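**Q**
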Amino acid sequence: MIEKMKFSQKKEAEKNVLIIRDEIDRVLTHARIASDAAAHLLAGQCDAATQTGIRKIVATTPDIRTVSLLRGNEIYCSSVFGAQYFRLAAQSTPPAGFSLMDGNALTPYRSLLIYHAVHAGKSVMVGIDGYYLQYKLKINDRRTDYQMTLNGLTLNAAGQVLTHRDPTASLRYFSPEYQYQISANPVAPVSPNLLLKDIWHEEKSGVFLTFLLSALLSTFTSKTLSQRNTLLFMLEKALDKNELIPFIQPIIEAESGNTVGGEVLMRWKHPQRGHIPPDQFIPLAEQNGLITRITQSGLRHVADALNSAGIIPARDMTLFFNVSAADFINHDLLEECREFRRKTPLSGWQIGLEITEREPVEDTHVAQALCKRLDALGVQISIDDFGTGNSNYRYLMQFRPHYIKIDKVFTSGIETDASKEAIVRNIIAIAQDMRCMTIAEGVETASQKEKLAEMGATHFQGFFFSKPVEIATFFQNTRNPLP
Ligand SMILES: Nc1nc2c(ncn2[C@@H]2O[C@H](COP(=O)(O)O[C@H]3[C@@H](O)[C@H](n4cnc5c(=O)[nH]c(N)nc54)O[C@@H]3COP(=O)(O)O)[C@@H](O)[C@H]2O)c(=O)[nH]1
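According to this note's numbering, the sequence shown is numbered sequentially starting from 18.
Right under this line is the structure:
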């Protein structure tokens, strides 16, 4: 049980470190943006226009507290004090780049982060309130302390700037963008053994201890038993044992009627409980940090199956894997796709990724860099459930997809429902303008297929063609393509 607690603590810390790093990267980028915006103001004096200019930058750039203009080590214009002059002691003038500080003249006891950008004898200094960074480090995790270390100084979640960092940190991650590190320091997990030992030392004898021990033991026993029965616990075990199996549902090209790909959909058959539907275990995995393991399991399983079957398909086939927001917080997905490519050197198999909107994928630097690299690897992007969420249009700009999927809520009843028809016409028009293909999913009847073809959908998926099938059956059909 203690091992399990430690494991889940570590997993949570790993996830949180990446979230904090992304958020702090974003704050630091705001400092750079503010500094770039102020650079042209260095050309003039500290007149009313310049003062308005720097105050406007502070007011409109998130996280920024001050912007100052310097000549050497003399501040001659600042968003706080206007055209007053301050000479900084040489040793307290921050070096170029980012620095952590304990405080400044304005708020001596409040940490802050300075970005100092030098431009030929003059410079821009941007101040970020340490509170914003401290707030990011205070992520809701009672079992782990997080710290940020930059140029030998460490900021903790209490807002203190320390000259040393915690040597017990179990995890350290560098920002790929900036020169700082986030570390995670576990706070000792509550162990039942230690708890009982403590109690024993306090109350060596007596009826009270006997009652307390039995109460604690029964609580732990019943908690452990109920935990063993939860779906989450079972899912972790199923992933450890590789019990989740990918099925593939064919995707049909409208023009030729050929199978040109498939969507990989995970299936879980529990030895005692039988089939557990993805609608139950996928959201659970997304909420509990297990979804990346499911993505990984799908990619590895299919790559291994392709590798051992050695099939060259009759035509190019794209296999679409569902990915979630958590797959975009680091570059593990890229590594998995590269590994897929290494395992399947046979031509004809392409990777597609279906991005859903159940949890929004943030448009972070990491996500942007990941998309660029996936694109360079030839991975195709498909936006799933299009038209059902709030961020569809943002997703179109963010991901520049190759495919847009028309959700099955629009497909069902398309022949008779005028509003669904109008929405689908709109989606297809957007897709055509953006040079994307459209996959209409949930096609169950010939009349739906005909209507969608007449409206310009380029691909179909649905029970009318085939239910999701075992990998071997799908491969068989790619050798002898479905009509
Ligand atoms: N992040 C991940 N999500 C996954 C993964 N595997 C599955 N999922 C998601 O779970 C949801 C439910 O999936 P499933 O029960 O497999 O249902 C899929 C199809 O079976 C179903 N479908 C397909 N055709 C029809 C049809 O004609 N009628 C009908 N009633 N249902 C049909 O639709 C589901 C596919 O939907 P979508 O993904 O939106 O294309 C589902 O959201 C899966 O995405 C996983 O590995 N990772």
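A virtual CB, placed ideally from N, CA and C, is assigned to each residue, including glycine. Please read these numbers as outputs of a predicted model, since none were measured by experiment.
Which same chain residues end up closer than 8 angstroms to Pro485 when comparing Cβ atoms and leaving out the 5 residues on each side of it in sequence?
**A** Numbered from 1 along the sequence shown, position 468 holds the residue referred to as residue 485. Correct list, in chain order: Phe264, Ile265, Gln266, Glu280, Leu282, Arg284.
**Q** Check the DSSP bridge columns for Gln196 and list the partner residues they point to.
**A** Your numbering for residue 196 matches position 179 in the sequence shown. Its beta-bridge partners do not exist; DSSP assigns none.
**Q** Which of the three DSSP states, helix, strand or coil, is assigned to Ala134?
**A** Counted from its first residue, the sequence shown places residue 134 at position 117. Strand at Ala134.
**Q** Who pairs with Ala448 in a beta bridge, going by DSSP?
**A** Here residue 448 refers to the residue found at position 431 of the sequence shown. Its beta-bridge partners do not exist; DSSP assigns none.
**Q** For the alpha helix (DSSP H) containing Tyr412, list its first residue and its last residue.
**A** Counted from its first residue, the sequence shown places residue 412 at position 395. Where Tyr412 is concerned, the enclosing alpha helix (DSSP H) stretches over 409-416.
**Q** At which residue ranges does the segment 135-169 contain complete alpha helix (DSSP H) runs of 4 or more residues, listed in the order of the chain?
**A** As far as the segment 135-169 is concerned, its whole alpha helix (DSSP H) runs of at least 4 residues are 147-154.
**Q** Considering just the uninterrupted stretch of the alpha helix (DSSP H) at Asp333, what are its terminal residues?
**A** Stepping through the sequence shown from its first residue, residue 333 is reached at position 316. Asp333 -> no alpha helix (DSSP H), and no H or E assigned at all.
**Q** Taking Ala393 as the reference, give the member of Cys354, Thr381, Gly365, Asn409 with the closest Cα.
**A** Position 376 of the sequence shown, counted from the start, is the residue given in the question as residue 393. Ranking Cys354, Thr381, Gly365, Asn409 by Cα distance to Ala393 puts Cys354 first.
**Q** Counting only the same chain and skipping the five closest in sequence on each side, list residues whose C-beta sits under 7 angstroms from that of Asn347.
**A** As a first step, residue 347 must be located in the sequence shown, where it is residue number 330. Answer for Asn347: Leu35, Val383, listed in chain order.
**Q** Quick test of your reading: Ile431 and Glu438, contact by CB under 8 angstroms. State the CB separation rounded to the nearest angstrom.
**A** Locating residue 431 in the sequence shown gives position 414, where the first residue counts as 1. Locating residue 438 in the sequence shown gives position 421, where the first residue counts as 1. Going by Cβ atoms, the distance from Ile431 to Glu438 rounds to 6 angstroms, so yes, they are a contact pair.
**Q** For ligand 1, is there a heavy atom less than 7 angstroms away from the beta-carbon of Ile398?
**A** Here residue 398 corresponds to residue number 381 of the sequence shown, with the count starting at 1. False, no ligand heavy atom lies under 7 angstroms from that Cβ.
**Q** Less than 8 angstroms between the CB atoms is what I'm expecting for Val84 and Val141, so what's the real figure, rounded?
**A** Start at 1 with the first residue of the sequence shown, and residue 84 comes out as number 67. Start at 1 with the first residue of the sequence shown, and residue 141 comes out as number 124. Confirmed, Cβ separation roughly 7 angstroms.
**Q** Quick check on Lys23: does DSSP put it in helix, strand or coil?
**A** What you label residue 23 is simply residue 6 of the sequence shown in a count that begins at 1. Helix at Lys23.
**Q** Within the present structure, is the beta-carbon of Gln478 separated from the nearest heavy atom of ligand 1 by less than 7 angstroms?
**A** Indexing the sequence shown from 1 puts residue 478 at position 461. Gln478 Cβ: within cutoff of ligand 1.
**Q** Beta-carbon separation of Pro418 and Ile400 under 8 angstroms?
**A** As a position in the sequence shown, residue 418 is number 401, starting the count at 1. As a position in the sequence shown, residue 400 is number 383, starting the count at 1. It is a contact, given that the beta carbons lie within the stated cut-off.
**Q** For Ser25, which residues in the same chain have their Cβ closer than 7 angstroms to its Cβ, ignoring the five residues on either side in sequence?
**A** Along the sequence shown, one-based indexing puts residue 25 at 8. So no residue of the chain qualifies.
**Q** Please list the segments of the alpha helix (DSSP H) lying wholly inside the segment 315-382, counting only runs of 4 or more residues, in order along the chain.
**A** If we require 4 residues or more, the alpha helix (DSSP H) runs fully inside the segment 315-382 come out as 349-360.
**Q** If you drop the 5 nearest sequence neighbours on each side, which residues of the same chain put their C-beta closer than 8 angstroms to that of Ser222?
**A** In the sequence shown, the residue the question calls residue 222 occupies position 205. Residue placement at Ser222 cannot be trusted, given a pLDDT of 48 that sits under 50; the coordinates are not used to answer.
**Q** Return helix, strand or coil for Pro295, following the three-state DSSP convention.
**A** Taking the first residue of the sequence shown as position 1, residue 295 is located at position 278. Looking at Pro295 - three-state DSSP - the assignment turns out to be helix.
**Q** Compare the beta carbon distance of Arg82 and Asp146 with 8 angstroms and say whether it is the shorter of the two.
**A** Taking the first residue of the sequence shown as position 1, residue 82 is located at position 65. Taking the first residue of the sequence shown as position 1, residue 146 is located at position 129. Cβ atoms of Arg82 and Asp146: closer than 8 angstroms.
**Q** What number of angstroms, rounded off, separates the C-alpha of Gly278 from the C-alpha of Ile50?
**A** Mapped onto the sequence shown, residue 278 falls at position 261. Mapped onto the sequence shown, residue 50 falls at position 33. In a straight line, the C-alpha of Gly278 is about 43 angstroms away from that of Ile50.
**Q** Below 8 angstroms on the Cβ atoms is my guess for Val396 versus Glu371; work out the distance and round it to an integer in Å.
**A** If you number the sequence shown from 1, residue 396 lands on position 379. If you number the sequence shown from 1, residue 371 lands on position 354. Their Cβ separation, rounded to whole angstroms, is 11 angstroms, which puts Val396 and Glu371 out of contact at 8 angstroms.
**Q** Flag this pair as yes or no: are the beta carbons of Gly169 and Ser128 separated by less than 8 angstroms?
**A** The sequence position of residue 169 within the sequence shown is 152, counting from 1. The sequence position of residue 128 within the sequence shown is 111, counting from 1. Going by C-beta atoms, Gly169 is not nearer than 8 angstroms to Ser128.
**Q** Please classify Thr495: is it buried, with 16 or more other beta-carbons within 10 angstroms of its beta-carbon, or exposed?
**A** As a first step, residue 495 must be located in the sequence shown, where it is residue number 478. Label assigned to Thr495: buried.
**Q** Taking the alpha carbon of Gly70 as the reference point, which residue from Cys94, Leu105, Ile328 has its own alpha carbon closest?
**A** Here residue 70 refers to the residue found at position 53 when the sequence shown is read from its first residue. Comparing Cα-Cα distances from Gly70 to each of Cys94, Leu105, Ile328, the minimum goes to Cys94.
**Q** Mind the definition here: the segment 302-317 touches the segment 253-262 only if three or more C-beta pairs lie below 8 angstroms; say whether that holds.
**A** Yes, they touch.
**Q** Using a threshold of 8 angstroms, state whether the C-beta atoms of Tyr197 and Leu167 are closer than that.
**A** Counting from 1 along the sequence shown, the entry for residue 197 is found at position 180. Counting from 1 along the sequence shown, the entry for residue 167 is found at position 150. Cβ distance < 8 angstroms, so Tyr197 and Leu167 count as in contact.
**Q** Return yes when at least one heavy atom of ligand 1 lies under 7 angstroms from the C-beta of Gln266, else no.
**A** Taking the sequence shown and counting its residues from 1, one reaches residue 266 at position 249. It does: the Cβ of Gln266 is within 7 angstroms (strictly closer) of some heavy atom of ligand 1.
**Q** Tell me, please, whether the segment 409-423 touches the segment 455-464 by the rule of three or more beta-carbon pairs shorter than 8 angstroms.
**A** With the cut-off at 8 angstroms, the segment 409-423 and the segment 455-464 touch.
**Q** Could you spell out the range, first to last residue, of the alpha helix (DSSP H) harbouring Gly114?
**A** Stepping through the sequence shown from its first residue, residue 114 is reached at position 97. Gly114 -> not in any alpha helix (DSSP H); beta strand (DSSP E) instead, spanning 114-118.
**Q** Are the CB atoms of His287 and Ala322 nearer to each other than 8 angstroms?
**A** Along the sequence shown, read from residue 1 onward, the residue named residue 287 stands at position 270. Along the sequence shown, read from residue 1 onward, the residue named residue 322 stands at position 305. Not closer than 8 angstroms, so no.
**Q** Roughly how many angstroms separate the alpha carbons of Val426 and Gly404, rounded to a whole number?
**A** Here the question's residue 426 lines up with position 409 in the sequence shown. Here the question's residue 404 lines up with position 387 in the sequence shown. If I take the Cα positions, the gap works out to 10 angstroms.
**Q** Return the chain-ordered list of same chain residues with a C-beta closer than 8 angstroms to the C-beta of Gly99, the five sequence neighbours on each side being excluded.
**A** Position 82 of the sequence shown holds residue 99. Closer than 8 angstroms at Cβ, skipping near neighbours: Cys63, Gln68.
**Q** Please determine whether the Cβ atom of Val178 lies at a distance below 7 angstroms from any heavy atom of ligand 1.
**A** By 1-based counting over the sequence shown, the position of residue 178 is 161. For ligand 1, not one heavy atom lies less than 7 angstroms from the Cβ of Val178.
**Q** Report the residue from Ile329, Ile488, Asp42, Thr171 whose alpha carbon sits nearest the alpha carbon of Glu194.
**A** As a first step, residue 194 must be located in the sequence shown, where it is residue number 177. When each option's Cα is compared against that of Glu194, the closest is Asp42.
**Q** Pop quiz: Ile269 and Phe482 are said to be a contact at Cβ under 8 angstroms. What is the actual Cβ separation, rounded to whole angstroms?
**A** Walking along the sequence shown from the start, residue 269 turns up at place 252. Walking along the sequence shown from the start, residue 482 turns up at place 465. Indeed they touch by this definition, with Cβ atoms about 5 angstroms apart.
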